[in-house]
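**Student:** Dropping a structure here in structure tokens format, bear with me for questions.
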Amino acid sequence: MGTATGIIKALNSGIKHLAVKRFTLRYPEQKLKLIGDGYQYDPTSGVGIAGYKGRHMLFHDKCTGCQLCAIACEGVAEAIAMVKVQEDWKQNKKAIMPQIDYGKCVFCGLCVDACPFYALYMTNDYELSSFTKEGLIYTPAQLQVKPEVQQDAEIVFDKRGATHG
Amino acid sequence: MSALAPKFRFSYFIKSILDNLFWIIILLTLTGIPLVMILLFYLELPVIGGKLLDPYLAFTTLADPSRQIPLLKSLLQTEFFRIAVFPGFGFAALIAAGTIFVERKMLAKLQLRVGPFYCGKVEGILQLMSDGIKLLSKEIIIPAKADKPIFWAAPVLFVATAAAFIALIPAAGGGWVVADVDVGLIAVFAVIGFFPVITVLSSWSANSKFPFIGGIRALHQMVSFEIPLILSGLGVVILTGTLNLTEIVESQDPYWWIIFLPIGAIVFFIAMLAELERIPFDLPEAESEIVAGWLTEFSGMMYGLVQLGSYLKLYAFAALFVVLFLGGWSGPQIWPPFPEEIITEGIQMGPINAQFPGLPLLDQQMLNDVLWFVVKVVGVIFFILLPRGVFPRVRIDLLLHIGWYKLIGLAFVNIFIALGLLYAGVLGPEGIL
Amino acid sequence: MTTQLPPGLQIEKVDEKIMTLNVGPQHPGSGHMRLIVKVDGDYIVSCDPDPGYVHRGEEKMAEHRNYITNIPHLERPVIHDSCNILYPYCLGVEELLGLEVPERAKYIRVIAAELNRCVYTQYWLAIYGIFLGHSTMFMWPAGDRELLIDALEKMTGARVTHAYFVPGGIRNDVPANFEEMCLRRVNYFEKRIKEYADIFYDNPILISRTEGSGVLSRNDAIRLGTTGSTLRASGVDFDVRTKEPYDVYDELDIKTNVLKAGDSYARSKIPWLDMLESCNIIRQALQKMPKSGSVRVKLKPNPKGGNDEVYKRVESGRGALGCYIVSRSKPEPYRLKMSVGSFRNLICLPYLLKGEKLGNMPAVYWSLNYWPVEADR
Amino acid sequence: MSTTPEQTKPVAKAETKELPKFEKSITDKLEAKFASKVAIEFVKPTRIRVKVAKEDILDVAKFIRDELHFDHAESVTGVDYPDKKEIEVVYHLGSYTDPELAKQILALATGVPREDDPNPGNDSTKLASLRDIFYSVEFHERECFEMLGVYFEGHPDNRRLLLPEDWSDLPPLRKDFKLKGR
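The listed protein sequences correspond, in order, to chains F, A, X and G. First residue of the first sequence: 1, per the working numbering; consecutive thereafter. First residue of the second sequence: 166, per the working numbering; consecutive thereafter. First residue of the third sequence: 599, per the working numbering; consecutive thereafter. First residue of the fourth sequence: 976, per the working numbering; consecutive thereafter.
As structure tokens, then:
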């Protein structure tokens, strides 16, 4: 009779879960809330600051064109290329800045770790899809823009199970 | 990037629609109306209100809606209506479509997810329709070495057999059944016997390994579970003394056979799951072992037809279970009686006072029967669907073991219970109850 | 084998009664590999696993990248278990470079590794469920996994490919109030996975079809060099976390789950028991973790190892995961070899499937806790 | 046993400190049995590395299994040394049955001659298979054969495992197989 009780227990468990709340995150309408403003790195202490590893953000007033990020990426994805910019900064005599190809980037964040001048951070923006491959290449001017994200869904626990509230 | 044709012009689009419209009107008037006349000449026309329904009368009813009521009433009595609409194909297809939707939503709820959600605004009720359109628009690919005629015929035969099965199921009292035959139950089992044949034919004709294994599995499974299915139905026949399904239903007043024959009902239910290839007995379609079993090579609407057939079959089996064990359509009268005014005068709808005497096309008793029948069928379908979320698939040797050792044994126990009840004089044609 | 053919190729004779099934790579029940299964009726005569469809030469690639840039691509073989697959590599490089990891980083590593083990095991369990035709067991673990992915995402900044462990610690410290957030998710997760018992592990239909199928005896398990859940289901008490503790596993109280049966039911139950144990470990680690402190040793750019070699191993979701690094005074490893649990367990497959029924094939195959991408590297 | 200066270095380092006792006892047993046939390359806590000539590998492996109770191979690694004209095959052996040895990994290394123009299976890069002694090396040796071209004599199944069946280039883990762009 162990079989019969087992079958009844399984059926009971199944029926019981008809009343539990759905857990699905309805993605385009809801977006998960991510922690912080994105992954950042503090070169003086050598430790990063927790955050989502999304699209990069480049601070033009801090970038010196040292190519350390491109060198770091060489062994990983070869996604960063240094391109000429029509800007005149005193710390950036060569006037070159990173241009990132998100068709290749693996979002490991090692380029952020490599930057000693607080110039390259990552942000919470992960919706980078584009109709063309060229659209995935972000120029320094595009990387300068701080993305606007509306992410507010969080996992909520209550008596009838967890949901994305 | 654009999905439209490169030389798309909106004016051309409008023009093409107008062109089509023009030709449709021309062809309809030139061929359609004469065709209707010819058909009306050959058809045996009903007598409406003492007059034969000729084309003139048919056209005049269009002018006065109240004169259409006798026409509709006579239509409800025709064979065609029974086959195509009410206890037959249309009704079953509607319930099958509902079953598919309920299955997906219920399974999703059990699995803590949403299920179909976006198509049709409200919880995805139009999902099935969109799936159907998708299947219709898909290319039908036939394997190069397939035996083409049989391969083509198999899905059609599958649906046809399922429809034949439905034809034998009575849905309400007063003769609401397509084929009211005296050997109803035997006919049902005879029709069920076609399914393994069709399955094996289709899988063999596909000339492919995985469908072949699936077909052989389906053959094993269906043949071995038909025996307990028939034997467990036998208990009811012993107590009722008839094979006619309508009479079986009428014999269950006021006690349903499930009260006296619970073992038979359980055996019938399990054998039914196996016949339907539902989890936990979906071995012929076990996708992790043999891709999709005997459905592997079907594509497009051929697959859609097989799915339609299998859900029609599901409805038919659920209805058969209701007829045999749950008292069919019998139940307390809960459908409210029609007010006198509706029958004699017509409907009072706001400012419009329509005078349609004799309006309710169907009587109160029949609607009540159908209501109970549908409620019971839906309940049984729920229990057919539930195991899909709860149980894993069994293995072929365990399945055959269940079929040949346990279920047949239990079916015989059920027969002895029925015989005991009969000879003790408790039940049966001359029983106490 | 005929002598005319080059080694590696051979002509086989085919019996009329035997049907050869190519299970994979497009078959829904195989993963990224092919099983050449020969069946006689419903019985499997022989099974020849043919992996390599996702071989990407991680070992060769590692010889051309330095110790830091190796991190993102070495986790690719098992992105669901990316912390654990980087663990032996980081331990090995730390030994080569003589780094001392800060105490807090060690605890955070253990938490991340255990969370990741649960994430991997849930994914594995989901596929085991669907292989047995149990669709609820596909959806539940795949959904509940989200709780821990969310915790890991808040910790590491990525949902699956974390690239979190580096030689000398971890990339970044955990965010504020991480402990409370993690604890709540882990507690709810534990409650949820206990509910799997009724519907899956105690389900009589599951027991009847997996018990006694694909039995691996204790001696065979040792002889074939299996590892992880496959080994422990056969009655061998071996878990690298307790036998050779790394980082702070020796300070935590860990119970090793061992079952005697050695069939696919026992093999599938061990990872589930391990997940419950992982929840315990995470709770202990959260309690004992130093509340503040450094988490990473600062490295020079392009660090060089000496003329040395190390072999480090950890317990991953699929068993012992060893990393053998040969260093020849260069910034890149001279040779890097990953001895992965999946590859070591693959060897049992031909022995377990011989004489089994075809219906048992997915159950036995996936119960080996085998991950095709990891085995191919 | 000829050892190169590169490999003696770790040994010299280890000898300055006191060697771990348990691991030393294992190597002592090996040395007592095989004397100069085995070269103990290093003894570190929980790790031992032993190098033998390729002719002696079967005897030593049998001794390690029967007397020292290492019962399975964790990995088989081939390392290519083009300048020494040698491919080194390293067996990492562990033990499940002996609880004392649970921590220990014994690396049994041997060298096979390397040919500049390899013809896998038909040249001098051959080694006796340990498959009959440690059953678990079966797939590892198949991988080693395709990746480095070391043919294992006595192995029942020397087919390709991970590489495609029609691979006709150099064995890819040899150092002269160059990656594009590197």
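Cβ atoms here follow ideal geometry from the backbone N, Cα and C, with glycine treated the same way.
Considering only DSSP beta bridges, list what R984(X) is partnered with.
**Tutor:** The question about residue 984(X) has no answer here: the residues shown for chain X are numbered 599 through 975.
**Student:** Please report the straight-line C-alpha distance between L950(X) and L956(X), rounded to a whole angstrom.
**Tutor:** Along the third sequence, read from residue 1 onward, the residue named residue 950(X) stands at position 352. Along the third sequence, read from residue 1 onward, the residue named residue 956(X) stands at position 358. Taking the straight line from one Cα to the other gives about 12 Å.
**Student:** Mind listing the chain X neighbours of G559(A)? Cutoff is C-beta to C-beta under 8 Å, in chain order.
**Tutor:** The residue you call residue 559(A) lines up with position 394 of the second sequence. It is Val, not Gly, that sits at residue 559(A) in the sequence shown. Those are I803, S806 and R807, listed as they occur along chain X.
**Student:** Using a cut-off of 8 Å between C-beta atoms, extract the partners of V279(A) located in chain F.
**Tutor:** Along the second sequence, one-based indexing puts residue 279(A) at 114. Correct list: R22, T24 and R26.
**Student:** Of all the CB atoms in chain F, is at least one closer than 9 Å to the CB of M599(X)?
**Tutor:** To locate residue 599(X), count along the third sequence from 1; it is residue 1. Residue placement at M599(X) is flagged as unreliable, the pLDDT there being 41, under the threshold of 50; the coordinate-derived value follows with that caveat. Chain F contact via Cβ: absent.
**Student:** According to DSSP, what are the bridge partners of A337(A)?
**Tutor:** Here residue 337(A) is taken as the residue at index 172 of the second sequence, counted from 1. Note: A337(A) sits in a beta bridge opposite W341(A).
**Student:** Can you pull the chain A residues whose beta carbon is under 9 Å from the beta carbon of M959(X), in chain order?
**Tutor:** Numbered from its first residue, the third sequence carries residue 959(X) at position 361. What M959(X) touches in chain A: S453 and E454.
**Student:** Counting only runs of 3+ residues fully inside the stretch 64 to 146 of chain F, write out the beta strand (DSSP E) ranges in chain order.
**Tutor:** Counting only runs of 3 or more, we get 80 to 84, 96 to 101 and 120 to 122.
**Student:** At which residue ranges does the stretch 172 to 200 of chain A contain complete alpha helix (DSSP H) runs of 4 or more residues, listed in the order of the chain?
**Tutor:** Whole alpha helix (DSSP H) segments, 4+ residues: 175 to 192.
**Student:** Please name the residue or residues paired with Q40(F) in a DSSP beta bridge.
**Tutor:** As a first step, residue 40(F) must be located in the first sequence, where it is residue number 40. Bridge partners of Q40(F): I49(F).
**Student:** Determine which residues share a DSSP beta bridge with M617(X) and list them.
**Tutor:** Residue mapping note: residue 617(X) aligns to position 19 of the third sequence, counting from 1. DSSP, once it has assigned bridges, lists V637(X) as partnering M617(X).
**Student:** Determine whether the Cβ of F434(A) lies closer than 9 Å to any Cβ atom of chain F.
**Tutor:** Within the second sequence, the letter at position 269 stands for residue 434(A). No, because no Cβ of chain F sits closer than 9 Å to the Cβ of F434(A).
**Student:** Using a Cβ cut-off of 8 Å, pull out every chain X residue sitting near F157(F), in sequence order please.
**Tutor:** Counting from one through the first sequence, the residue named residue 157(F) turns up at place 157. Chain X residues near F157(F): R782 and Y786.
**Student:** Helix, strand or coil for P427(A) per DSSP?
**Tutor:** Mapped onto the second sequence, residue 427(A) falls at position 262. Of the three classes helix, strand and coil, the one that applies to P427(A) here is helix, per DSSP.
**Student:** Along the chain, which unbroken stretches of the beta strand (DSSP E) at least 3 residues long are found entirely within the stretch 890 to 921 of chain X?
**Tutor:** Fully enclosed beta strand (DSSP E) runs of 3 or longer: 905 to 914.
**Student:** Can you find a C-beta in chain A that's less than 9 Å from the C-beta of K955(X)?
**Tutor:** As a first step, residue 955(X) is located in the third sequence; it is residue number 357 there, counting from the start. Chain A, which has a Cβ nearer than 9 Å to the Cβ of K955(X), makes this yes.
**Student:** Would you please verify whether the beta carbon of F316(A) is less than 9 Å from any beta carbon of chain F?
**Tutor:** Here residue 316(A) is taken as the residue at index 151 of the second sequence, counted from 1. No, no contact with chain F.
**Student:** Going by C-alpha distance, which of A831(X), V856(X), E751(X) and C877(X) is nearest G38(F)?
**Tutor:** Locating residue 38(F) in the first sequence gives position 38, counting from the first residue. Of A831(X), V856(X), E751(X) and C877(X), the residue nearest in Cα terms is E751(X).
**Student:** Just list the residues that DSSP pairs R1022(G) with in beta bridges.
**Tutor:** Locating residue 1022(G) in the fourth sequence gives position 47, counting from the first residue. Paired residue(s): K1019(G) and I1080(G).
**Student:** Quick check on this structure: which residue in L884(X), K952(X), N958(X) and S937(X) has the alpha carbon closest to the alpha carbon of F1114(G)?
**Tutor:** In the fourth sequence, the residue the question calls residue 1114(G) occupies position 139. Considering only alpha carbons, the answer is S937(X).
**Student:** Taking C-beta pairs closer than 9 Å, name the residues in chain X that L58(F) reaches, listed in chain order.
**Tutor:** Residue 58(F) sits at position 58 when you count from the first residue of the first sequence. Going along chain X, no residue has its Cβ under 9 Å from L58(F), so there is no contact; the nearest lies around 18 Å.
**Student:** Can you list, in chain order, the residues of its chain with a C-beta nearer than 7 Å to that of I768(X)? Leave out the 5 residues immediately preceding and following it.
**Tutor:** Here residue 768(X) is taken as the residue at index 170 of the third sequence, counted from 1. Correct list, in chain order: A703, I706, R707, Y762, V893 and R894.
**Student:** So K53(F) contacts chain B; which residues on that side make the cut at Cβ distance below 7 Å?
**Tutor:** The displayed structure is made up of protein chains F, A, X and G, and chain B is not among them.
**Student:** Between A973(X) and chain F, is any beta-carbon pair separated by less than 9 Å?
**Tutor:** Position 375 of the third sequence holds residue 973(X). No, because no Cβ of chain F sits closer than 9 Å to the Cβ of A973(X).
**Student:** Should S1143(G) be labelled buried (16 or more other beta-carbon atoms within 10 Å of its own) or exposed?
**Tutor:** Translated into positions along the fourth sequence, residue 1143(G) becomes position 168. By the neighbour-count rule (16 or more Cβ atoms within 10 Å), S1143(G) is not buried but exposed.
**Student:** Between K858(X) and chain G, is there a C-beta pair that is closer than 9 Å?
**Tutor:** On the third sequence, residue 858(X) is found 260 positions in, with the first residue counted as 1. Not closer than 9 Å to any Cβ of chain G, the Cβ of K858(X) fails to qualify, so no.
**Student:** In terms of alpha-carbon separation, which member of G340(A), A325(A), V401(A) and D312(A) lies closest to L366(A)?
**Tutor:** Counted from its first residue, the second sequence places residue 366(A) at position 201. Of the listed residues, the one whose Cα sits closest to L366(A) is D312(A).
**Student:** Is the CB of G161(F) under 9 Å away from at least one CB in chain A?
**Tutor:** If you number the first sequence from 1, residue 161(F) lands on position 161. True, the Cβ-Cβ gap to chain A drops below 9 Å.
**Student:** Would you mind telling me which residues of chain A sit closer than 8 Å to A10(F), beta carbon to beta carbon, in chain order?
**Tutor:** Position 10 of the first sequence, counting from 1, holds the residue named residue 10(F). Per Cβ cutoff of 8 Å: V555 and F556.
**Student:** Can you give me the C-alpha to C-alpha distance between A371(A) and F377(A), rounded to a whole angstrom?
**Tutor:** Counted from its first residue, the second sequence places residue 371(A) at position 206. Counted from its first residue, the second sequence places residue 377(A) at position 212. Going from the Cα of A371(A) to the Cα of F377(A) covers about 8 Å.
**Student:** Using a cut-off of 8 Å between C-beta atoms, extract the partners of G826(X) located in chain G.
**Tutor:** Sequence index remark: in the third sequence, residue 826(X) carries index 228 (1-based). Within chain G, no residue comes near G826(X); the closest Cβ sits about 12 Å away, beyond 8 Å.
**Student:** Distance check for A1007(G) and E939(G), CA to CA, integer angstroms please.
**Tutor:** Nothing can be reported for residue 939(G), as the shown portion of chain G is limited to 976 through 1157.
**Student:** With C-beta atoms as the reference, is S495(A) less than 9 Å away from D562(A)?
**Tutor:** As a working mapping, residue 495(A) is identified with position 330 in the second sequence. As a working mapping, residue 562(A) is identified with position 397 in the second sequence. Result no, Cβ atoms of S495(A) and D562(A) do not sit closer than 9 Å.
**Student:** Touch check for the stretch 904 to 917 of chain X and the stretch 822 to 829 of chain X: three-plus C-beta pairs under 8 Å?
**Tutor:** A contact exists between the stretch 904 to 917 of chain X and the stretch 822 to 829 of chain X.
**Student:** Quick check: the stretch 56 to 75 of chain F against the stretch 173 to 185 of chain A, are at least 3 beta-carbon pairs closer than 8 Å?
**Tutor:** Result no; under three Cβ-Cβ pairs closer than 8 Å.
**Student:** K896(X) touches chain F at which residues, Cβ-Cβ below 7 Å?
**Tutor:** Along the third sequence, read from residue 1 onward, the residue named residue 896(X) stands at position 298. Within 7 Å Cβ-Cβ: G46.
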